[in-house]
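Asker:
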Amino acid sequence: IYLRYLSKDVMNNNDNSPRLPKSPIKKEVVLLLLGFVLLTFGAEVLVKSSIKLAEDFSVSTGVIGLSIVAIGTSFPEFATSLTAALKKKEGIAIGNVLGSNAINLLLILGVLGTSYGLTGVGVKGYVIGTILPLLLLITAIEFLFSFRTQSRAHGVLLLALYAVFLYVIF
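In this text, residue positions in the sequence shown follow the working numbering: the first is 52, and each later residue adds one.
Here is the structure:
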């Protein structure tokens with residue numbers, strides 16, 4: 052699905068946006084390194100807080116990961132896609148979401164599985180075996196229809212499906 056979208060986007064790309072002036076490279080490298088340091092610190096705090104939250108509410112860390120952590124780590128994608136959509140750059144908005152999910156599912160799970168041999172995520176088996184594949188299927192079908200247009204009704208449907216997902220995992 053992602054490759055279909057990407058190829059269609061590349062074929063129809065008429066982005067004539069103005070080029071931004073180059074900024075000093077040293078400043079950008081320093082900011083990038085600072086961002087990595089802060090991100091590493093933030094990830095440590097997020098993991099420790101998530102474990103404590105799971106213990107306090109007597110739920111698995113997998114449930115916390117599938118809900119609260121997932122929402123928190125998705126805010127950058129949400130902000131980026133919302134900003135792009137408001138600027139009428141739907142390709143960036145959709146590409147950001149699809150690219151982020153591709154990295155999460157393929158690269159990150161691949162590295163973790165290869166490095167640490169993941170044995171499970173601590174959630175109910177039917178969430179992984181039934182609900183998650185169903186949500187992915189519905190999202191894929193929705194995505195295929197979105198090549199024509201994405202209506203508010205489609206958005207409401209996706210939000211409702213996410214609410215059902217949260218209900219099931221808790």
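Idealized CB from N, CA, C, for every residue including glycine.
Expressed to the nearest angstrom, what Euclidean distance is found between the alpha-carbon atoms of Ile-192 and Lys-140?
Answerer: So the two alpha carbons sit approximately 22 Å from each other.
Asker: Can you grab the Cα-Cα spacing for the pair Ala-121 / Phe-108, in whole Å?
Answerer: Distance between the alpha carbons of Ala-121 and Phe-108 is about 17 Å.
Asker: Which stretch, first to last residue, makes up the alpha helix (DSSP H) that contains Val-215?
Answerer: Start and end: 203-220.
Asker: Does the stretch 203-215 come close enough to the stretch 108-119 that 3 or more CB-CB pairs lie under 8 Å?
Answerer: Touching, no, given that fewer than three Cβ pairs across the two stretches are closer than 8 Å.
Asker: Nearest CA to the CA of Ile-154: which residue from Glu-128, Leu-90, Thr-134?
Answerer: Out of Glu-128, Leu-90, Thr-134, Glu-128 has the C-alpha closest to the C-alpha of Ile-154.
Asker: Note down, in chain order, each residue of its chain lying with its Cβ closer than 7 Å to the Cβ of Phe-87, except the 5 sequence neighbours on either side.
Answerer: Contacts found: none.
Asker: Could you tell me the distance, in whole angstroms, from the CA atom of Leu-97 to the CA atom of Val-162?
Answerer: Going by the C-alpha atoms only, they are around 20 Å apart.
Asker: My understanding is that Ser-166 touches Asn-147, with C-beta atoms under 8 Å, so please give their C-beta distance in whole angstroms.
Answerer: Not confirmed; about 26 Å, so no contact.
Asker: Would you mind giving the Cβ-Cβ distance between Gly-116 and Ser-101, rounded to the nearest angstrom? I have them listed as a contact below 8 Å.
Answerer: Correct: roughly 7 Å between the Cβ atoms.
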